[in-house]
Amino acid sequence: MMEQDTPIEHVVEYLVACIAMLAEGFGISMRSAYEYLDQFGGLAYLRDGYAVEHLFSLEDAVDHALEVCARNGGPEHEALPRIYAED
1 MMEQDTPIEH VVEYLVACIA MLAEGFGISM RSAYEYLDQF GGLAYLRDGY
51 AVEHLFSLED AVDHALEVCA RNGGPEHEAL PRIYAED
């Protein structure tokens, strides 16, 4: 759960940056990156763990979220460009 005194704007900016990094890294749209993270729990992980995760680099935080997605049944992240090729 997110700390109550954390401004929501900081969390939103952080989540958008993580989504953008995932999208750019795999050549998929922001929407597809958002949907993947949302569907398989990575977005909730980043949001709820903001107090700790924002202390890591964005690359590490996205890697952590991808691990959560994989544990929750998400396809391996190497498959994302193929799965979301219609973007």
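The opening position of the sequence shown corresponds to residue 1 in full-length UniProt numbering, with each subsequent residue numbered one higher. Idealized CB from N, CA, C, for every residue including glycine.
Query raised in the report: CA-CA distance, residue 76 and residue 17?
Result: Taking the straight line from one Cα to the other gives about 21 Å.
Query raised in the report: Does the region 21 to 31 come close enough to the region 47 to 57 that 3 or more CB-CB pairs lie under 8 Å?
Result: no
Query - For residue 59, the three-state DSSP class (helix, strand or coil) - result: helix
Report task. Within 10 angstroms of the Cβ of residue 12, are there 16 or more other Cβ atoms? Answer buried if so, exposed if not. Result -> exposed
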